[in-house]
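Residue numbers (this note's numbering): 33 to 550.
Glycine is no exception: its CB is placed at the ideal position from the N, C-alpha and C atoms.
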């Protein structure tokens with residue numbers, strides 16, 4: 033076997049080990065070595081030491097390639113970050129980078145999954161996050177960072193003055209739902225007395241064709257389970273929560289812009305849950321994070337007081353549900369008003385920069401005017417920052433002054449006649465009077481086609497539409513991390529763990545993960 037052939041097969045083997053989460057001990061397994069030898073007795077199976085060296089070489093090579101890729105294909109990027117604890121109780125900080133290329137393709141790159149010694153304070157997270165940003169030379173590019181609502185994350189980003197933070201919308205929606213369901217807490221809390229529910233833990237039995245008695249046994253068990261199946265079916269009317277689940281799913285997308293869904297989604301939820309009549313519900317606590325899902329709220333109670341403090345839920349005790357649905361609806365609306373009293377300006381701008389949401393049909397006229405004012409503000413800044421020259425030879429119209437409280441006289445999105453000289457010199461007016469694209473059309477593809485016609489707005493779209501509505505990207509990194517740091521591999525060193533995650537997540541973004549020239 034030639035050296036080139038040996039190296040090629042080694043590369044394929046290493047890629048399989050990395051991309052399919054295979055354990056390194058396979059390289060030491062006698063049966064695996066016997067299997068490989070049977071396939072090709074001339075192939076020399078590398079040991080785990082050589083594998084580790086190739087992994088770190090690939091990590092360094094891929095990192096350089098990706099760093100160059102980011103700088104060549106982005107003028108700004110957004111981040112997500114989150115903390116994760118492994119099976120061995122080690123803490124890791126995950127950071128992902130998001131950008132829209134000049135061809136308007138959404139890209140996600142895992143920057144790091146860095147070991148974080150305890151305690152995981154805001155100061156410690158800040159230090160590590162700034163270090164990661166510096167290693168990737170992104171100080172002048174990073175625009176926003178999306179995190180969960182943990183106090184340590186809030187403190188971290190508050191202390192980085194040049195980096196703006198967005199609260200994970202999915203986590204906030206979960207908190208809102210939990211607040212809304214506080215009115216039904218007694219119905220959804222976990223019963224303490226398992227003895228009352230022991231029959232529920234029966235499972236259905238499968239009918240097996242080759243086992244003559246299995247049909248009888250399966251039907252016998254089904255008859256036992258029937259009352260509980262009826263209970264489950266009757267309780268599956270979750271129409272109240274379905275809009276929240278639908279929005280959360282939309283906000284966690286990976287192949288499209290999610291930032292532009294925040295404002296429309298929240299506005300529609302508020303409209304849907306706005307009470308039709310006045311309800312007096314002053315018992316809802318919106319100042320804490322306690323909600324209907326908080327089972328751990330009793331964890332800090334002294335052992336002596338715990339029996340009295342802990343709830344006693346009796347499955348057979350009747351519960352007064354009069355007006356319950358109305359109370360849930362009011363709670364949901366109040367929580368929405370509390371946590372989204374003010375929508376981030378960047379979310380408004382992103383909504384207008386999405387060509388199938390720019391008409392803002394869900395908003396009233398004042399909200400539309402405020403959103404347009406916000407767009408004008410960042411538009412003026414973008415013109416100065418990007419040095420993009422407009423292709424117009426006619427005199428520019430006088431600039432609109434955006435003084436506080438200023439409202440345009442004309443209707444925001446009307447189809448009335450407008451000044452031709454103004455629209456030729458003003459990308460915003462030309463863009464907004466165009467019809468919205470259909471919901472099945474891709475906004476990013478629309479921008480790719482129209483970026484020459486709207487150079488400044490296209491530049492802004494790449495910046496604002498890259499912001500992630502949720503921190504789901506970091507959480508997806510941890511899903512892979514859990515597969516690599518499995519129960520059988522809890523002793524893996526932190527640097528090898530980070531390299532494997534990095535290569536798994538980024539391996540083929542800019543070609544192969546290995547340098548074929550060496």
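| Query | Result |
| --- | --- |
| Residue 506 and residue 177: beta carbons closer than 8 Å? | no |
| Taking the straight line between their C-alpha atoms, what separation do you get for residue 202 and residue 142? | 20 Å |
| Does DSSP classify residue 542 as helix, strand or coil? | coil |
| To which residues of the same chain is residue 188 closer than 7 Å at the C-beta, ignoring the five residues directly before and after it? | 154, 157, 158, 161 |
| Relative to the C-alpha of residue 509, which candidate in 129, 362, 405 has its C-alpha closest? | 129 |
| Taking the beta carbon of residue 33 as the centre, do at least 16 other beta carbons fall within 10 Å, making it buried, or is it exposed? | exposed |
| Among 516, 546, 205, 531, which has the Cα closest to the Cα of residue 119? | 516 |
| Quick one: residues in its chain with C-beta nearer than 8 Å to the C-beta of residue 38, no 5 flanking neighbours on either side, listed in chain order? | 75, 76 |
| Apart from the five residues just before and just after residue 387, which ones in its own chain have a Cβ nearer than 7 Å to its Cβ? | 468, 469, 475, 478 |
| Looking only at C-alpha atoms, which of 207, 282, 212 sits nearest to residue 358? | 212 |
| With DSSP as the reference, please indicate the residues paired to residue 199 in a beta bridge. | 179 |
| Could you tell me which uninterrupted alpha helix (DSSP H) segments, each at least 4 residues in length, are contained entirely in the stretch 123–198, listed from first to last along the chain? | 154–167, 183–190 |
| Look up residue 383 in the DSSP assignment and say whether it is helix, strand or coil. | helix |
| Any idea what DSSP makes of residue 43, helix, strand or coil? | helix |
| As a quick exercise: from 123, 94, 134, pick the residue whose alpha carbon is nearest that of residue 108. | 134 |
| Roughly how many angstroms separate the alpha carbons of residue 151 and residue 144, rounded to a whole number? | 19 Å |
| Does DSSP put residue 112 in a helix, in a strand, or in coil? | strand |
| Work out the CA separation of residue 60 and residue 483 for me, nearest whole Å. | 55 Å |
| Please classify residue 180 as buried or exposed, where buried requires at least 16 neighbouring CB atoms within 10 angstroms. | buried |
| Jot down the residue ranges of each uninterrupted alpha helix (DSSP H) in the stretch 268–310, minimum 4 residues, whole runs only, in chain order. | 274–283, 294–305 |
| For residue 41, which residues from the same chain have a beta carbon less than 7 Å from its beta carbon, with the 5 sequence-adjacent residues on both sides left out? | 75 |
| Taking C-alpha atoms, which residue in 36, 495, 47 lies nearest to residue 531? | 47 |
| Have a look at residue 412 and residue 405 and give me their C-alpha separation to the nearest angstrom. | 11 Å |
| Output yes or no for whether 8 Å exceeds the beta carbon distance between residue 102 and residue 131. | yes |
| Can you tell me which of the three DSSP states residue 502 falls into? | coil |
| For residue 204, which beta-bridge partners are listed by DSSP? | Paired residues: none, contrary to the question. |
| To the nearest angstrom, how far is the alpha carbon of residue 197 from that of residue 415? | 24 Å |
| With a 10 Å radius around its C-beta and 16 neighbouring C-beta atoms as the bar for buried, classify residue 67 as buried or exposed. | exposed |
| As a quick exercise: from 56, 85, 92, pick the residue whose alpha carbon is nearest that of residue 539. | 92 |
| Hey, would you say residue 489 sits closer than 8 Å to residue 463, going by beta carbons? | yes |
| Return the residue from the list 185, 535, 82 that minimises the CA-CA distance to residue 115. | 185 |
| If I'm right that residue 292 touches residue 204 with Cβ under 8 Å, what's the distance once you round it to whole angstroms? | About 17 Å separates the two Cβ atoms, so there is no contact after all. |
| So which of 279, 494, 280, 525 has the shortest CA-CA distance to residue 147? | 525 |
| Under the rule that 16 or more other beta-carbon atoms within 10 Å means buried, what is residue 393, buried or exposed? | exposed |
| Between the C-alpha atoms of residue 137 and residue 302, what's the straight-line distance to the nearest angstrom? | 32 Å |
| Of all the options 471, 69, 209, 79, which has the alpha carbon lying nearest to the alpha carbon of residue 277? | 209 |
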